[in-house]
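Engineer: Counting from 85, one number per residue, gives the positions in the sequence shown under our numbering.
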Amino acid sequence: MVERSGNGQSRRGFLKAGLAGGAALAGSLAAGRVLAADDPAITQIQDWNRYSGDGVDAHPYGMPSPFEKDAVRRNVAWLTADPVSSVNFTPLHKLDGIITPNGLCFERHHGGAAVVDPAKHRLMINGLVEKPLVFTMDDLRRFPRVNKIYFLECAANSGMEWRGSQLNGCQFTHGMVHCVMYTGVLLKDILAEAGVKPAGKWVLAEGADSAAMTRSIPMEKALDDCMVAFAMNGEALRVEQGYPVRLVVPGFEGNMWVKWLRRLEVGDEPWEQREETSKYTDLLANGKARHFTWAMDVKSVITNPSPQAPITHGKGRLVLTGLAWSGNGTVARVDISTDGGRNWKPARIDGPSLPMALHRFYYEMDWDGSEMFLQSRAMDEKGFVQPTKQQLRAVRGANSIYHNNGIQTWYVDTNGAAENVEIS
Ligand SMILES: Nc1nc2c(c(=O)[nH]1)N[C@H]1C(S)=C(S)[C@@H](COP(=O)(O)O)O[C@H]1N2
Ligand SMILES: [Mo]
């Protein structure tokens, strides 16, 4: 019998080839395989080779291959009381490159995903402005447009891991991040149209969802690179991501990126202080809170191999890959350790290196089949280095939920299975 490994290649064919190839193959088991005469994937004609496929009218909106059904967002039922005010996670272990497909961007809502009719949607700007204004979606499209690739990370990403390793998979430990190309207009152009008064120091952004999510953006950031976006990856925003319009606050925590954006109020103090809310602050060990921690710290994670993506092809050539990002700009460097942080080697960053966007790294290695403690450590262009979890806890204690950018460890056993662990 032919035993199939995860990638559909024949394991027995592989073994035979290995024997036939002899010593030459033993050192670095090749990624391509020597032809095996009894491999049915070679010798038998498959159905897709025999019959015509679907016509061009079968899929007006294309979907992934049915063989990719595991590449889906997932939630963790016990995490929140109900799925309406909850979160699901991007399947990072199923993706490559730096762009997250629209249908796989994690969702975080406080009152479910609002389905908004764009014809009835308005964006109002009021408060400390010369001229309060209301924009329709058509009006917004008459401002100069920009296209920018940015990551969005929820401040609670990796938040379940503060006290120790908990969730088994990078989808759950790191999947509250996505990265898409936004098309929209600059917030500063909209603010200029209304005319910000000198006392205006904050922009309060409010959503049209049932949670009416509200966050304050410091004026300096609002006038810098914030966008009012209506498209992602070339098509209209998805409902889950705030259709028809959302705020984009590059590098800052996801909570500030108000979806279904309906109001911008210019004020002289942040809304968070008005309401005396304790939302989105980090609790320190001494019980005091860190206020206004907006920029997301430099962070990285190995996505493959990882608990949901074990090594299935045996020892030899192994392409290790993962993602790195920083709210401070570009990622300058990623290092990899296979022995739990004792020795480090540089990974290769491939694809565009854009400020406040995901970076893709690869580390090509020869796996001898022994156990590994895999870690990645990113450094950003400002020189910030991703800390170990112990270093983070020493500063922030274990009571935090937000802004956990500690180094992740995956234990890989001799079979290639991976597990979320921590090394002390
Ligand atoms: N109107 C509105 N905007 C919102 C939220 C919300 O519940 N309502 N959730 C915020 C939080 S906490 C995060 S992390 C991001 C998530 O964006 P996403 O769902 O596109 O991933 O949206 C933010 N904007
Ligand atoms: Mo969030």
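Cβ atoms here follow ideal geometry from the backbone N, Cα and C, with glycine treated the same way. The model shown is predicted, which means the values in this text are computed figures rather than measured ones.
Any residue with its C-beta under 5 Å from a non-hydrogen atom of ligand 2 counts. Can you list them all in chain order?
Structural biologist: With the cut-off at 5 Å, the residues found are R192, C238, G338 and N339.
Engineer: Consider the C-beta atom of G195 and the heavy atoms of ligand 1; say whether any pair is separated by less than 7 Å.
Structural biologist: True, at least one ligand heavy atom lies under 7 Å from that Cβ.
Engineer: Please confirm whether any heavy atom of ligand 1 lies closer than 7 Å to the CB of V160.
Structural biologist: Incorrect: V160 has no Cβ contact closer than 7 Å to ligand 1.
Engineer: Using alpha carbons as the reference points, say which of F151, G400, D497 and I209 lies closest to R347.
Structural biologist: It is I209.
Engineer: Within this structure, are the beta carbons of A462 and V332 separated by less than 8 Å?
Structural biologist: Result no, Cβ atoms of A462 and V332 do not sit closer than 8 Å.
Engineer: Starting from the Cα of N241, find the closest Cα among E337, T298, A142 and R444 and give me that residue.
Structural biologist: Answer by Cα proximity: E337.
Engineer: With respect to 7 Å, is the separation between the Cβ of E277 and the closest non-hydrogen atom of ligand 1 below this value?
Structural biologist: No - ligand 1 has no heavy atom lying nearer than 7 Å to the Cβ of E277.
Engineer: Can you give me the start and stop residues for the beta strand (DSSP E) that L402 sits inside?
Structural biologist: It spans G400 to W409 - the beta strand (DSSP E) in which L402 sits, taken as one unbroken run.
Engineer: By Cβ distance, which residues of its chain are closer than 6 Å to V199, with the 5 residues on each side in sequence left out?
Structural biologist: Taken in chain order, the residues that qualify are V323.
Engineer: Following a CB-centred definition, is A121 positioned closer than 7 Å to any heavy atom of ligand 1?
Structural biologist: Not under cutoff, so the answer is no.
Engineer: Give a single yes or no on whether L236 has its beta carbon closer than 7 Å to a heavy atom of ligand 1.
Structural biologist: Result yes, Cβ under 7 Å from ligand 1.
Engineer: Restricting to Cα atoms, I'd like to know which of V505, G500 and N483 is closest to Q492.
Structural biologist: Looking at the Cα atoms, V505 is the closest of the given residues.
Engineer: Please indicate yes or no: does the CB of F468 lie closer than 7 Å to some heavy atom of ligand 1?
Structural biologist: No, the beta carbon of F468 sits no closer than 7 Å to any heavy atom of ligand 1.
Engineer: Do you know offhand how far F314's Cα is from K204's?
Structural biologist: Between F314 and K204, the C-alpha separation is close to 15 Å.
Engineer: Evaluate I386 with the Cβ neighbour count: other Cβ atoms within 10 Å of its Cβ, from every protein chain shown; 16 or more gives buried, anything less gives exposed.
Structural biologist: Label assigned to I386: buried.
Engineer: Which runs of the alpha helix (DSSP H) at least 4 residues long sit entirely within the segment 252 to 292? Give them in chain order.
Structural biologist: Runs of the alpha helix (DSSP H) inside the segment 252 to 292: 254 to 258 and 271 to 278.
Engineer: From the DSSP secondary-structure annotation, give me the bridge partner or partners of L49.
Structural biologist: In the structure displayed, the chain extends from 85 to 508; residue 49 sits before or after that span and is not available.
Engineer: How big is the Cα-Cα spacing for N488 and G248?
Structural biologist: So the alpha carbons of these two residues sit roughly 12 Å apart.
Engineer: State the DSSP-derived secondary structure class of E506, mapped to helix, strand or coil.
Structural biologist: Coil.
Engineer: V479 lies in the alpha helix (DSSP H); which residues open and close that run?
Structural biologist: First-last of the alpha helix (DSSP H) with V479: K473 to R480.
Engineer: Taking its Cβ as the centre, do 16 or more other Cβ atoms sit within 10 Å of L288, making it buried, or is it exposed?
Structural biologist: With 16 or more Cβ atoms within 10 Å of its Cβ, L288 is classed as buried.
Engineer: By Cβ distance, which residues of its chain are closer than 8 Å to P228, with the 5 residues on each side in sequence left out?
Structural biologist: Cβ within range, chain order: V269, L270 and D273.
Engineer: Pick helix, strand or coil for Q459, following the three-state DSSP scheme.
Structural biologist: If DSSP states are grouped into helix, strand and coil, Q459 belongs with the strands.
Engineer: Between the segment 445 to 465 and the segment 386 to 402, are three or more C-beta pairs nearer than 8 Å?
Structural biologist: A contact exists between the segment 445 to 465 and the segment 386 to 402.
Engineer: Spatial neighbours of S437 within its chain, please: C-beta separation below 8 Å, excluding the five flanking residues on both sides.
Structural biologist: These residues qualify, in order along the chain: T414, V415 and H443.
Engineer: Taking the C-alpha atoms as reference points, what is the distance between D434 and L404?
Structural biologist: Computed Cα separation, rounded: 13 Å.
Engineer: Below 8 Å between beta carbons: does that hold for E237 and V261?
Structural biologist: For E237 and V261, yes; Cβs fall inside 8 Å.
Engineer: Looking only at its chain, what residues have a beta carbon closer than 8 Å to the beta carbon of N427, apart from the 5 residues adjacent to it on each side?
Structural biologist: The residues are S421.
Engineer: Which of the three DSSP states, helix, strand or coil, is assigned to H205?
Structural biologist: Of the three classes helix, strand and coil, the one that applies to H205 here is coil, per DSSP.
Engineer: Does DSSP put W451 in a helix, in a strand, or in coil?
Structural biologist: Note: W451 maps to strand in three-state DSSP.
Engineer: From the DSSP output, in three-state form, read off P216 for me.
Structural biologist: P216 falls in the coil class under three-state DSSP.
Engineer: If you follow the beta strand (DSSP E) that R432 is part of, which residue opens it and which one closes it?
Structural biologist: Segment R432 to D434, the beta strand (DSSP E) holding R432.
Engineer: Please work out which residues of its chain come closer than 6 Å, Cβ to Cβ, to E191, disregarding the five sequence neighbours upstream and downstream, and give them in chain order.
Structural biologist: Excluding positions up to five away in sequence, the list reads N172 and E324.
Engineer: What residues in its chain sit with their C-beta under 6 Å from that of A514, if we drop five residues either side in the sequence?
Structural biologist: Residue 514 cannot be examined here, being either before or after the span of the chain that is shown, 85 to 508.
Engineer: Indicate, with yes or no, if ligand 1 has a heavy atom lying under 7 Å from the CB of G291.
Structural biologist: G291 Cβ: within cutoff of ligand 1.
Engineer: Just the C-alpha distance for S136 and D450, rounded to the nearest angstrom, thanks.
Structural biologist: Distance between the alpha carbons of S136 and D450 is about 41 Å.
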